[in-house]
Amino acid sequence: MSEILINKKAFKNNLDTIVSHIKDKNKLGLVLKDNAYGHGLEQIASLASDYGIQSVFVKNEFEALKIAHLFKHITAFYGKLSPNAPKNISLSINTLQALDHVEENRSIELEVNTGMNRNGIAREKLAVFIEKILSKKLNLFGIFTHNGYGDEKIADFEEAQEIFAQTKEEVIYLSKKLGFPCPRFHSLASSATLRSEKIDDDLVRIGIAAYGYLGNTFELPIAKNLKPVASLWADKICEQTLPKGAKIGYGGKSILQESATISTYDIGYGDGFFRHNGNRGKLTTAGGYLILPITSMDCFSCICTEERICVFDDASDIAAMFDTIPYEVLTSLSPFLKRTII
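Sequential numbering from 941 applies to the sequence shown in the working numbering.
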């Protein structure tokens, strides 16, 4: 049966690498959204809990409930929370209307727009939001932003951080003036964290770096220490020896240039593996075996006779072939694929 293997040593290596940079393990927050970037929410959550991580971030309540017993603080980025959701689950807030649906005494984290112009409130409206949060007797647990320029060596990164620094000052002022506990602050994701010499926030939100990748477009030496955590494996369905000129798969897209033994393996686009049709060049497995187009829904053909093969142990090559990023390759993998910690 096809499966994804999760290398716990590689995962620990990545967390150790990040901690060595930020100098404080307690500042390490982990992003587990979208099934832990395709690695398996519950598998990665268990490893993160064992490592001592206390704060994590997920996509929604559905994900949060699966791991609520493992962490002190869980923040759901999107959606709403049920009235009976555990109290260690906080909700990210982007609009005044969203506050109307939050129950009394629930912890929330307020997202501020610092230039990415995706989600988050305008900094000028901080006082309005905080007054409503207090009037509804909610706990303002955190103030955060997403600096969308961490991967790029451009001035926008520093400008966004300056806006967030000003946001902090205003919130601290309002905290003293209105008498509410000062919330935690966080603004840096993976590349933004590892490029920053000093971390002034209360924690960092590490996503893709924990899984062995970065999206930086400039040299960042520490990235060389990161190791991919997931590898995708497929098992043989059957094999057959075919003559030169034999056609393989739908439409006979592949034509053998010489006689060969062909095997099919139990991974296809129905499992989230990208559909290889040959138009983007040759695709090989991690072991160098040639994958023949066209990928089927539940299997692919390969010039190979191994009983089990590693389809990939680094999503970067496939990402480059399909003009995308490792994030998409990994998060596309079906949640129904077995995930095993090794």
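The beta carbon of each residue, even a glycine, is placed where N, CA and C say it ideally should be.
State buried or exposed for residue i, treating a residue as buried only when at least 16 other CB atoms are found within 10 Å of its CB.
i       : result
Pro1026 : exposed
Tyr1113 : exposed
Thr1280 : exposed
His1009 : exposed
Asn1219 : exposed
Pro1168 : buried
Thr1085 : buried
Ile1195 : exposed
Phe1252 : buried
Ser995  : buried
Ser1022 : exposed
Glu1051 : buried
Ala1170 : buried
Asn1045 : exposed
Asn966  : exposed
Val1269 : buried
Asp1140 : exposed
Asn975  : buried
Taking DSSP's pairing of strands, which residues face residue i in a bridge?
i       : result
Tyr1205 : Lys1176 and Phe1240
Arg1058 : Answer is none; Arg1058 lacks a bridge partner.
Cys1122 : Answer is none; Cys1122 lacks a bridge partner.
Ala1200 : Leu1182
Lys1187 : Ile1195
Val1144 : Leu968
Glu943  : Trp1173 and Lys1278
Arg1248 : Asp1175
Asn975  : The partner list for Asn975 (beta bridge, DSSP) is empty, contrary to what the question assumes.
Ile1231 : Leu1223 and Cys1242
If distances are taken between C-alpha atoms only, which option among the options comes closest to residue i?
i       : options                               : result
Cys1178 : Val1068, Glu1099, Ile1243 and Asp1091 : Ile1243
Arg1215 : Ala1259, Asp1175, Trp1173 and Glu943  : Ala1259
Ala1150 : Lys949, Gly1228 and Met941            : Lys949
Met1261 : Gly1155, Lys1222, Asp1141 and Pro1275 : Lys1222
Lys1020 : Lys999, Lys1012 and Leu1010           : Lys999
Phe1011 : Pro1023, Tyr1018, Ser1022 and Ser1030 : Ser1030
Tyr1267 : Phe997, His979, Phe1104 and Asn953    : His979
Phe1213 : Ile984, Pro1233 and Ala1200           : Pro1233
Ser1203 : Ser1194, Glu1246, Leu1172 and Gly1152 : Glu1246
Phe1104 : Ile1094, Asp1257 and Arg1124          : Arg1124
Glu1049 : Leu970, Ser1171, Phe1252 and His1126  : His1126
Gly1152 : Ile946, Phe1017 and Gly1088           : Ile946
Leu1277 : Ala1100, Trp1173, Lys1065 and Cys1122 : Trp1173
Leu1230 : Thr1201, Phe1017 and Phe1069          : Thr1201
Gln1180 : Cys1122, Tyr977 and Ser1199           : Ser1199
Val971  : Glu1099, Pro1161, Glu1003 and Asp1253 : Glu1003
Ser1115 : Leu1270, Gly1082 and Met941           : Gly1082
Gly1228 : Asn1217, Ile1249, Thr1235 and Asp1211 : Ile1249
Ser1236 : Ile1007, Ala1226, Gly1192 and Ser1256 : Gly1192
Thr1283 : Ala1255, Leu955 and Ile1265           : Shown here, the chain extends from 941 to 1282; a query on residue 1283 therefore has no answer.
Ala1163 : Leu955, Glu982, Glu943 and Ser942     : Leu955
Thr1157 : Asp1142, Asp1091 and Asn1217          : Asp1091
Leu1143 : Gly1155, Leu1154, Arg1135 and Leu1128 : Leu1128
Ser1130 : Lys1138, Lys1117, Thr1264 and Ile1146 : Ile1146
Tyr1089 : Asn953, Ile944 and Ala1132            : Ala1132
Gly992  : Leu968, Lys1006 and Ile1007           : Leu968
Arg1063 : Asn1079, Gln1101, Lys1093 and Ser1274 : Gln1101
Report yes or no: is there a C-beta of chain B within less than 8 Å of the C-beta of residue i?
i       : result
Ser1274 : No chain B is present in this structure, which holds just one protein chain.
What I want to know is whether the C-beta of residue i ends up closer than 7 Å to one or more non-hydrogen atoms of the ligand MG.
i      : result
His979 : The ligand MG is absent from the structure shown, which contains no ligand whatsoever.
Which runs of the beta strand (DSSP E) at least 3 residues long sit entirely within the segment 993 to 1057? Give them in chain order. Restricting attention to beta strand (DSSP E) runs no shorter than 3 residues, the segment 993 to 1057 encloses them at 995 to 998, 1013 to 1016, 1029 to 1033 and 1047 to 1051, ordered along the chain.
May I ask you to verify whether the segment 1180 to 1195 touches the segment 956 to 976, counting CB pairs closer than 8 Å and requiring at least 3? no
Would you check if the segment 978 to 996 and the segment 1016 to 1034 touch, i.e. whether three or more CB-CB distances between them fall below 8 Å? no
Assess, as a yes-or-no matter, whether the segment 1233 to 1251 is touched by the segment 1206 to 1218 under the definition of 3 or more beta carbon pairs within less than 8 Å. Segments in contact, yes.
Is the segment 1095 to 1109 in contact with the segment 1035 to 1050, if contact means three or more CB pairs nearer than 8 Å? Taking a cut-off of 8 Å for Cβ pairs, the segment 1095 to 1109 and the segment 1035 to 1050 do not touch, as fewer than three such pairs fall below it.
Could you give the uninterrupted runs of the beta strand (DSSP E) lying entirely in the segment 1062 to 1090, keeping only those of 3 residues or more? 1079 to 1084
If we count Cβ pairs, one from each stretch, closer than 8 Å, do we get three or more for the segment 1053 to 1060 versus the segment 1073 to 1080? no
Would the segment 1115 to 1122 and the segment 1087 to 1098 be scored as touching if the rule is three or more Cβ pairs under 8 Å? no
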